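Asks: The structure's right below; bear with me while I get my questions together.
Structural data, given as structure tokens:
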């Protein structure tokens, strides 16, 4: 802890002029001085403290807006038509409106993580006390790099995280206020605020994860974290099954605790979907993971869950309706999703269980996680025999009969985000061949918009799931449970080769499962970079998708590659909030390897990461506002994010222009000279149409101005090799990335030298790169 | 021909919607009258078939007939080179759209910004979003060559069946006369 309230109490004070009794003085809060690291320029930065840094980034990586809607409908002046730079009734134009919508998106995402963190911290303080220590693992001195950098404090206890969250809450309030009609007018200032929201999101995620790691006994930065089971087919359907969905692990953990206390392991299945599944396996790897968030409908309709527990985030809003169709009761556990259910938190447990078992209550709201644990376990034991795994999927005969109702109108296809050829598959099914329908499941994101669109009320999604039933039951894989943070000793080992470019990059696969062609593409991309000895990390639904694909030996990536933060290894850090450890690792490289101060020193740390740490985030199926906020935190830190084609729907990219030489100058910190460094990294937020394009771009975005010649040659080898293999041609921009002859990969020397001659390339110096003039050590004379 | 409404029905834009190409000859006239037309072709063109032929092959014939340079996006470049056709550039879709909105960009040949951009071979929603960016922020006129109505283009075919689409593309190609 770095700051404390100063409180002075005096019962009686006699002076020459007065007698004072019960005097109490509180002098705000003062910084504790036990931490010798000096405080940088921006402790607890306000909305504007890092604006200058943002403007530097935004000058190079300018927003390209692709409006999702030409109108604004946020106030009663409208609707306003903003087409082609028309201004709305409030004076805002389409650029301002798009950036405002992105800021709202970021605020939604960040506030979700903040509220999640707040709930965790409050609950864990209540359970373990204010003084519960922050303990994120052995060999870790830099326990919270993001909080140190942004808030200038070292959190020692859970109580310290309250200060952090107070700050985050105040910032998001200010940011959201800026989106009101009649506030911010500049799209560039909106963009700066977007970056601020992203940074705040990272603070909250780190607070959430270090709180649960510290107080709940999750793996503590453990590269050898245990393996858990994942996949539809891992759930033992002969047992009563509780399905937990969401992101806040507290109710699911309490279920595991109650099972433990009643010695009922082996009698009840606890299976999870989305990040709660990650975190409950971090808490107890005997729990199982069904799959990513898009597995919700298919699993519920299969009838396998006997009782469903919802916490928060990424939960389908029709879960109660779907649960009723399979006669499974629902327990909602969060004030963010009450589903119009009665609040039974204060009721007698026997009564609640009886109501759920009898069907008198289709669901209940219980806000006490421990109570949820007992109610869920007791209820599921009685509900399961009654349900007999009653499902809401047609059998083969019924499937064919339902398919015959399809008129081939294509309304389903026109509602499908992935334009799946449903009518054609339905025609085959109507003739008894369900294989084409089954094959659609891989590309299906489980949204069921096809069903809502169908004028003949064909349950299209159910038919697809039913047709693919056999394949689903074969889903049985292993996943290394979320390890949490990265050890300082791991950073020491890889810091130098990363910064010098000899480890070609860190590639983080994050985010949701809104994939254009199924999760296999994420696994393929991850393996490509593992084979090339990049450092690969995973988290969230992407980590699950990576697990659900095997090689020719029947093993998946987690079984084939070590779990360390090292070249050729894959670290599953955990749930969404554990993404903070990846950004934190980049900061720790600045701190541990380069000995840069973190404390309240965000701008310098971001400058370091942008120019030196070849890290790239890949959110191939990014869907949510939270994913946008996570990306926002990476942008401000100088970490580029690549999204899949659906990511374009975030409505703006941050794109560099490699053809504009003036955009790619930095200061040489040794001399102060402005030096051209080429477009490295070329973009901050980029959407690829195909996985091949993403792979090539990831390799390119790992290049950084600080790469040594040896490092740049390694990175160029990967970039050129991938470009040739996947695009069939040598990249046409290679001259921009070769700085010295010694940068040219030996094996490609002849080929590249020819291009350099054609492009009239000249050698240039490799500077000590920075965008900050205050870091220039000696001015050029 | 069906009425012009977005293929993905929820992608309703705003008041300004693409004019429907009712006669392919109009496209030929637009291309002929343009100073610097540009074809932007995505990777889906190598996957989709039109009347037994890949879409990319039809587009190459049109580009050759109309002497229109092609920018291949994403992995499409490999499909062009496999057909011994060198696109003028290969570039990510977001990059070419970003350049087309910049009046100072000198185009694929360094001769100046393009005044007509023809889009084909992309996923529907990708093209939809790129065209939206250009509708609001660019001066370039845009034409969608896809099978489905793209409301953010200046000009688009309506939603067509495969046969109608093939007939339209063939008519555009023939509109330039015989290819030598």
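Protein chains in written order, with our numbering: chain A, 1 to 781; chain B, 1 to 180. Glycine included, every Cβ here is placed at the ideal spot set by N, Cα and C. Just so it is clear, the structure is predicted and the values come from calculations on it, not from any experiment.
Using a Cβ-Cβ cut-off of less than 7 angstroms, list which residues of the stretch 714-741 of chain A approach chain B; keep chain order.
Replies: 726, 727, 728, 729
Asks: For residue 80 of chain A, does the three-state DSSP call read helix, strand or coil?
Replies: Residue 80 of chain A carries a strand assignment under DSSP once its states are collapsed to helix, strand and coil.
Asks: Could you please give the first and the last residue of the uninterrupted beta strand (DSSP E) stretch that includes residue 574 of chain A?
Replies: Looking at the DSSP string, the run of the beta strand (DSSP E) that includes residue 574 of chain A is 570-574.
Asks: At a CB-CB cut-off below 7 angstroms, which residues of chain A make contact with residue 149 of chain B?
Replies: Per Cβ cutoff of 7 angstroms: no residues; residue 149 of chain B is ~11 angstroms from chain A at best.
Asks: Could you confirm whether any beta carbon from chain A is found closer than 8 angstroms to the beta carbon of residue 93 of chain B?
Replies: yes
Asks: Taking C-beta pairs closer than 9 angstroms, name the residues in chain B that residue 94 of chain A reaches, listed in chain order.
Replies: Against chain B, a Cβ distance below 9 angstroms from residue 94 of chain A picks out 136, 137.
Asks: Can you find the residues in the same chain that come closer than 6 angstroms, C-beta to C-beta, to residue 269 of chain A, ignoring five residues on each side of it along the sequence?
Replies: Excluding positions up to five away in sequence, the list reads 235, 236, 239, 241.
Asks: Secondary structure at residue 116 of chain B, three-state DSSP: helix, strand or coil?
Replies: strand
Asks: Answer with yes or no whether the minimum CB distance from residue 288 of chain A to chain B is below 8 angstroms.
Replies: Taking 8 angstroms as the CB threshold, residue 288 of chain A stays off the interface with chain B.
Asks: Residue 133 of chain A by DSSP, collapsed to three states: which one?
Replies: strand
Asks: In angstroms with no decimal places, state the Cα-to-Cα distance between residue 626 of chain A and residue 46 of chain A.
Replies: 21 angstroms
Asks: Comparing the C-beta of residue 75 of chain B with each C-beta of chain A, is any distance below 8 angstroms?
Replies: Under the Cβ criterion of 8 angstroms, residue 75 of chain B is counted among the residues facing chain A.
Asks: Helix, strand or coil for residue 1 of chain B? Go by DSSP, reduced to three states.
Replies: In this prediction, residue 1 of chain B scores a pLDDT of 46, lower than 50, which makes its location untrustworthy; the coordinate-derived value is nonetheless stated afterwards. Coil at residue 1 of chain B, not helix or strand.
Asks: Run through the DSSP bridge pairs and tell me what residue 19 of chain A is partnered with.
Replies: DSSP lists A:14 as the beta-bridge partner residues of residue 19 of chain A.
Asks: For residue 416 of chain A, which beta-bridge partners are listed by DSSP?
Replies: DSSP output for residue 416 of chain A lists no bridge partner at all.
Asks: Tell me the residue span of the beta strand (DSSP E) that contains residue 173 of chain A.
Replies: DSSP places residue 173 of chain A in no beta strand (DSSP E) but in the uninterrupted alpha helix (DSSP H) bounded by 158-178.
Asks: Under a three-way DSSP split, which group does residue 480 of chain A fall into?
Replies: Residue 480 of chain A: strand per DSSP, three-state reduction.
Asks: Give me, in chain order, the residues of the same chain whose beta-carbon lies closer than 6 angstroms to that of residue 506 of chain A; leave out the 5 immediate sequence neighbours on both sides.
Replies: 535, 615
Asks: Between A:598, A:540, A:579, which has its C-alpha nearest residue 634 of chain A's C-alpha?
Replies: Per the Cα distances, A:579.
Asks: Going by C-alpha to C-alpha distance, which of A:189, A:146, A:324 sits closest to residue 168 of chain A?
Replies: For the residues A:189, A:146, A:324, the minimum Cα distance to residue 168 of chain A belongs to A:146.
Asks: Pull up the CB-CB distance for residue 437 of chain A and residue 464 of chain A, whole angstroms please, since I reckon it's below 8 angstroms.
Replies: Residue 437 of chain A to residue 464 of chain A, Cβ: 6 angstroms. Contact.
Asks: Contact criterion: CB-CB distance below 8 angstroms. Does residue 124 of chain B meet it with respect to chain A?
Replies: yes
Asks: Who are the neighbours of residue 157 of chain A on chain B, taking C-beta pairs under 9 angstroms?
Replies: The contacting residues do not exist; residue 157 of chain A stays about 46 angstroms from chain B at best.
Asks: Under 8 angstroms Cβ-Cβ, which residues of chain A neighbour residue 129 of chain B?
Replies: Against chain A, the beta carbon of residue 129 of chain B has neighbours under 8 angstroms at 66, 68, 648, 649, 651, listed in chain order.
Asks: Rounded to whole angstroms, what is the Cα-Cα separation between residue 165 of chain B and residue 147 of chain B?
Replies: For residue 165 of chain B and residue 147 of chain B, the distance between alpha carbons rounds to 6 angstroms.
Asks: Beta-carbon within less than 6 angstroms of residue 588 of chain A's beta-carbon, same chain only, minus the 5 sequence neighbours each way: which residues are those?
Replies: 142, 145, 491
Asks: Should residue 66 of chain A and residue 132 of chain B be called a contact, given that it needs their Cβ atoms to be closer than 8 angstroms?
Replies: It is a contact, given that the beta carbons lie within the stated cut-off.
Asks: Would you tell me roughly how many angstroms separate the C-alpha atoms of residue 35 of chain B and residue 13 of chain B, rounded to the nearest one?
Replies: 29 angstroms
Asks: Given residue 526 of chain A, which residues of its chain have a CB within under 8 angstroms of its CB, disregarding the five upstream and five downstream residues?
Replies: Excluding residues within five positions, the ones whose Cβ falls inside 8 angstroms are 507, 509, 536, 538, 546, 557, 570.
Asks: At 4 residues or longer, what runs of the alpha helix (DSSP H) sit wholly inside the stretch 231-306 of chain A?
Replies: 250-261, 275-283, 296-301
Asks: Between the stretch 332-342 of chain A and the stretch 363-376 of chain A, do three or more beta carbon pairs fall short of 8 angstroms?
Replies: yes
Asks: Here's the rule: buried if 16 or more other CB atoms are within 10 angstroms of the residue's CB, otherwise exposed. What is residue 560 of chain A?
Replies: exposed
Asks: Can you list the residues of chain A that residue 14 of chain B reaches, using a CB-CB cut of under 7 angstroms?
Replies: Result: 69, 70, 71, 81, 83.
Asks: Which chain A residues sit within Cβ distance under 9 angstroms of residue 142 of chain B?
Replies: At a C-beta separation below 9 angstroms, residue 142 of chain B has no neighbours in chain A, since its nearest C-beta there lies roughly 13 angstroms away.
Asks: Taking a cut of 7 angstroms between CB atoms, which residues from the stretch 30-53 of chain B lie near chain A?
Replies: 42, 43
Asks: Should residue 687 of chain A be flagged as near chain B, meaning a C-beta pair shorter than 8 angstroms?
Replies: yes
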